[in-house]
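One structure is given here, and the rest of the page talks about it.
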Amino acid sequence: MSQTITRNDGNVSVYVFDDSVNVDLSATPNATVRNNGGNDFDIGDLDSSNATLHSGVTAPDGWQGGKHTYNGSAWGDVSGWVDPSAGMLESDKVRYVANSAYSSTFTDAVQTEIDRIKAL
Amino acid sequence: MSNLSDLLPAGASAKQITATDSGSGIASKKPVILNSDGTVTEVSSSTATANVGSITTFNSDAATWCATAAGSGSTNLVAYVDSGASSYGTAQVGTISGTGVTFGTKAVFESASVTGIKMAYSSSLDKYLIVYRDNGNSFYGTAVVATVSGTSVTFGTPVAFSARTTYGYDVVYDDTAGAFVVQYGDNNDIFAKACTVSGTVPTFGGELTSKSTGTSGDSSVAYDSTAGKVVGVWRTYTSPPQGGEAMVYSLSGTTLTANTIVVYASGNILTGADCKISYNVKENRIVIGYKEGAGTSGTAIAGEVSGTSITFGTAVQFNASSSGSITCDYDATVARTIIGYLDAGAASYPKAIPATLSGSTITFPDSATTLQSAAAANLSASYNATEGKMLFSWLDTSPVQGDSAVFTSPGTVENLTAQAFVGVADSAISASAAGSIIVQGGTVTGPTTDVAVAENVGSNIPWGDQSKANSAPVTAYGNNDVLIAYYINDGATRGARVVAGTIGGGTISFGTDDVISADATVLAYYYAIAYDSTNDTYIVSWQDYNDSSKIYAAVVSLTGNTISHGGTTAIVSTANVGNAQTLSAVYDPDTQRVIFTYCSAVDSYAYAVVCEVSSTAITTVGTPAKIDSSSANNGYAKRIAACYDTTEDKIIATYSYYGGGGTYYLRAAAGTVNGGSNSITWGSSVPVISGDANYLYIAYNATDQRVVFNYQDTTITGYLQSSVASVSGTTITVGGTPSVILTGTNYYPSVVHDATANKMVSYFRGSLSYAYVASGAINTATNTITYSTPTLVTAASLSTQNLEGAVYDPTIGKCILVSAGNSTAETACSIYTTATTLTNQPLTTGTKYFVTPTGGFSSTAGSPSVNAGLAISTTSLLLNGDS
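Protein chains in written order, with our numbering: chain S, -1 to 118; chain D, 5 to 887.
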């Protein structure tokens, strides 16, 4: 089983850990993530005032931060969510198109990659 | 009734404080600075060499968009995209200690995918402002305040400052306005906003459009602390022009105003990419590192902010290959701008190269240092003032992880500032001990000054008969006089001929020449002279062309510039010397013997003969003996020169069989003179260079205790070169790579030691057969010497066989350059002043003195300019410094 941290605003799931990981949203000065397989860290933008830790959950397949919601009992999808990798390419593509140095072959290839990522 | 002392004004002795040395000790009468911990340190200058500390991994997953900023004390903050953790914005505190860095626990400042991280630190707020593109929030430009405590970092609430899809961030803190300035772009324009911080809350002012249309995502900002202005740079890809642009921002409160855009690089669409700007405090210039042209070579340019505009110098390439991820910061320890880049010409290894500024002129005198011998990306750098080190961070590509290393920048390390200068040590202070420091208003007794002496070639002083073709002069210095031996190359005027000059009043007064050979019809071509310091006489030897080129000698004494001489003695009556530079003469004051060395035209071996002399004659001639008979290759010689090593009490001979090729190397041997038997015992010879050489000269530097060999390297088409050797007993150890005095085919690289400047001076025939002079100091660590760029002495083509020569006059502390020919321009001397800095000189009364960065006093202001005081006598300095 796993545990997830969700933002109180919109129940967006932003972290998923194994249940064995020690997550303390009330720790000061930062929320802490410990016993995380050698990858301990602190969370500076979330704490017990704006986030909730849910344990004993099973994250959906293909979980990505910001893609799903969890309301304490059920998982859902964030409306209009775009994979950041595709989103970055989309915004970059606008810049490439505006720059005549880049060929249409290149920008078409970028669009193909955007479509591929979105289809995942 | 008061004590008498209470009625007297406070004297110099009262203007003292007691302070504790910081740990290295302080010499007497040396200026000192006050440290922040209350200790004092002697003003000094040292040289730092480039060093890369151990590479430390701060994130075991990909750390892209690394940004590095130095904070308070030894701490630094590294912010990055943790690609192993959903690309969340993450930061870690790195603490520098020595040449290493350790990192605290990583902390997430944005639990969403981010890119484009940049960061700045405000020392007055003790806060960092991190700016980035929040991919989790419509790619908006976002900022968060970070606070470091110990090895931990905490964050305020992220604030979106631009509802645009933003690119190309950079941020800097404006100390004058007390606000951060963020510069960023969208797909087309460049914008800027100012931001004040209260607690951990950033508040942004209005958005300024810095440049409309056609800009890329390459953007950077720096703060010019002298002008109190923020300067922004970016790349524009529309035409005209395509390239790099810069602009000075005006800031009042949080209101930014744009000023005139200045193009600093006009190139193609890629020019100005990867731009990064920083401010060089020492030279008061902003420095931009950027990609130049289609090859995207690494290039830098410096500019001076004046009012609301910038004037740029000339761009200089620092890396010919494509250079990515360019970063730079000012390293105050060595007062240089350090540029970091990824070298595509070296598999994208991260490198650092120091830029030296002189005004807006940039040079790169040092080679780049590789930070990691593996490909990297996302290089960033910052200078930590407390540790005096650069911290570089980057994305390592194999394995993929975030790495960091401390870089010690090469250069001159100085500790002097006007603010820190506190006074002068009254007497020596031992390491960590307390001692007395004379401060402002006090008088220091006994300080000395350093005086810079410029190179100077004195006017021509003719010698000899100017109507004659004077040739092949050989010169020796005696006791405030010089003696020149020469021949007149007209086919008619005969006799071994000398002329003397007395030195004084800034000139040389020559007398009438004299024929010293017994037969005035003798054709005496080539000479050698030794000065007998015991008898104050000159021993002149010559090749008698009419007598099978045997060697004769006579004793010459001077009264002023009037010559008298004794009888002629045959030194070598069987040998047959062949040409110029086949004989030399050296006086050994220890045994009071004259040692003649020569090359035999009969068997081609190098020989030496020891002679005993009186004040008027050569009284005993020893038996000529081979210097080196170990093999023909070692012993063969057509050229020879010798000098006396005053430290080891040895005769050092150098000889070559030029034109022999193969293993007929330029060699040297050291010999011990036995006065009783009038003989000399030579040690084993060693090669000076493993090659062919001609026109040999040799001189001993008693200060550095080194022998210097000058010669024409005939294996590389006549370059004049110099080699340095140390001598221990009869063992000669020649140093590293010979230095080139002058390229091209040139001749007669004479050498003499200027003991005043402690430099070797070479007077030689250079381009167009003109006479040139160059000087150089010996590097005793490497046994090498580097000569200055040659200075023209005589712009007249010197005739063949007109050897140039130089002697040193210790009384006037200058050299005398001698040449000969058919005109007053050629048959002349010049008194030569070698460029140097004279130390421990008396003060000039009434002169204002400054503290020098090397810990001395100078009448010329240095950089930084720090007042010391007024000389009230040649030995007393009234301190009225900056403190």
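Yeah, the Cβ is synthetic: ideal placement off N, Cα and C, and Gly gets one too.
As the structure is a computational prediction, the values presented were derived from the model and not from experiment.
query                                                                                                                                                                                         : result
Using the three-state DSSP reduction, which class does P162 of chain D fall into: helix, strand or coil?                                                                                      : coil
Please check the pair Q187 of chain D and S214 of chain D, which I expect to be a contact at CB under 8 Å, by giving their CB distance rounded to whole angstroms.                            : 7 Å
Give me whichever residues DSSP pairs with E418 of chain D in a beta bridge.                                                                                                                  : D:S49
When you compare the CB of Q1 of chain S with every CB in chain D, is at least one pair closer than 9 Å?                                                                                      : no
Just by C-beta distance, which residues in the region 229 to 254 of chain D are closer than 7 Å to chain S?                                                                                   : Y241
Below 8 Å on C-beta distance, what does E114 of chain D contact in chain S?                                                                                                                   : D43
Determine the chain S residues that contact A67 of chain D at a beta-carbon separation under 7 Å, and present them in chain order.                                                            : Residues of chain S passing the Cβ test: none, with the nearest at roughly 12 Å.
Look up S102 of chain S in the DSSP assignment and say whether it is helix, strand or coil.                                                                                                   : helix
In the structure shown, what three-state DSSP assignment does A778 of chain D receive?                                                                                                        : strand
Could you please give the first and the last residue of the uninterrupted alpha helix (DSSP H) stretch that includes N638 of chain D?                                                         : 636 to 639
Taking 6 Å as the limit between beta carbons, can you name the residues of its chain near G740 of chain D, skipping five residues before and five after?                                      : T786, T788
Jot down the residue ranges of each uninterrupted beta strand (DSSP E) in the region 510 to 595 of chain D, minimum 3 residues, whole runs only, in chain order.                              : 511 to 514, 528 to 536, 541 to 548, 554 to 563, 566 to 569, 573 to 576, 587 to 592
Does the Cβ of A522 of chain D have 16 or more other Cβ atoms within 10 Å, making it buried, or fewer, making it exposed?                                                                     : exposed
From E111 of chain S to D278 of chain D, what distance separates their C-alpha atoms?                                                                                                         : 25 Å
Can you tell me whether D59 of chain S is buried or exposed? The criterion is at least 16 other CB atoms within 10 Å of its CB, across all chains shown.                                      : exposed
Assign G458 of chain D to one of two classes, buried (16 or more other C-beta atoms within 10 Å of its C-beta) or exposed (fewer than that).                                                  : Per the sequence shown, residue 458 of chain D should be read as Ala rather than Gly. That one is exposed.
If we count Cβ pairs, one from each stretch, closer than 8 Å, do we get three or more for the region 371 to 379 of chain D versus the region 61 to 69 of chain D?                             : no
When you check each C-beta in the region 273 to 300 of chain D against every C-beta of chain S, which residues fall closer than 9 Å?                                                          : I273, L274
Could you list the residues in the region 135 to 154 of chain D with a C-beta less than 7 Å from some C-beta on chain S, going in chain order?                                                : N139, G140, F143
Does the Cβ-Cβ distance between Y661 of chain D and A672 of chain D come in under 9 Å?                                                                                                        : no
Taking just the CA atoms, how far does L796 of chain D sit from Y774 of chain D?                                                                                                              : 7 Å
State the DSSP-derived secondary structure class of D113 of chain S, mapped to helix, strand or coil.                                                                                         : helix
Using C-beta distances below 8 Å, list every residue in its chain close to D333 of chain D, excluding the 5 sequence neighbours before and after it, in chain order.                          : S282, T341, I342, A385, S386, Y387, M394
In whole angstroms, what is the alpha-carbon distance linking I37 of chain D and L420 of chain D?                                                                                             : 7 Å
Could you tell me whether the Cβ atoms of V185 of chain D and Y294 of chain D are closer together than 9 Å?                                                                                   : no
Might you give, ordered along the chain, the residues of its own chain that have their beta carbon closer than 7 Å to the beta carbon of P593 of chain D, omitting 5 neighbours on each side? : S537, T538
Output, in chain order, the set of chain S residues within a Cβ distance shorter than 8 Å of S76 of chain D.                                                                                  : Near S76 of chain D there are no residues of chain S at all, since even the closest Cβ is about 17 Å away, more than 8 Å.
Please list, in chain order, all residues of the same chain as N474 of chain D whose beta carbon is under 7 Å from its beta carbon, the five residues on each side excluded.                  : G468, Y490, I492, A824, G825, T831
Considering only residues of the same chain and omitting the five flanking positions on each side of S122 of chain D, which have a CB-CB separation below 6 Å?                                : The sequence shown places Lys at residue 122 of chain D, not Ser. Closer than 6 Å at the Cβ level, and outside the excluded window around K122 of chain D, lie A71, V135, Y173, D174, V175.
Cα separation between D51 of chain D and V338 of chain D?                                                                                                                                     : Sequence check: residue 51 of chain D is Thr here, not Asp. Taking the straight line from one Cα to the other gives about 9 Å.
Given this structure, state the Cα-to-Cα distance separating G664 of chain D from G57 of chain D, to the nearest angstrom.                                                                    : 51 Å
For P162 of chain D versus A147 of chain D, is the C-beta spacing smaller than 9 Å?                                                                                                           : yes
Tell whether a beta-carbon distance below 9 Å holds between A111 of chain D and T61 of chain D.                                                                                               : no
May I ask you to list the residues that DSSP assigns as paired with D174 of chain D?                                                                                                          : D:Q187
Within the continuous beta strand (DSSP E) that includes R239 of chain D, where are the two ends?                                                                                             : 233 to 240
Would R114 of chain S count as contacting chain D if we go by Cβ distances under 9 Å?                                                                                                         : no
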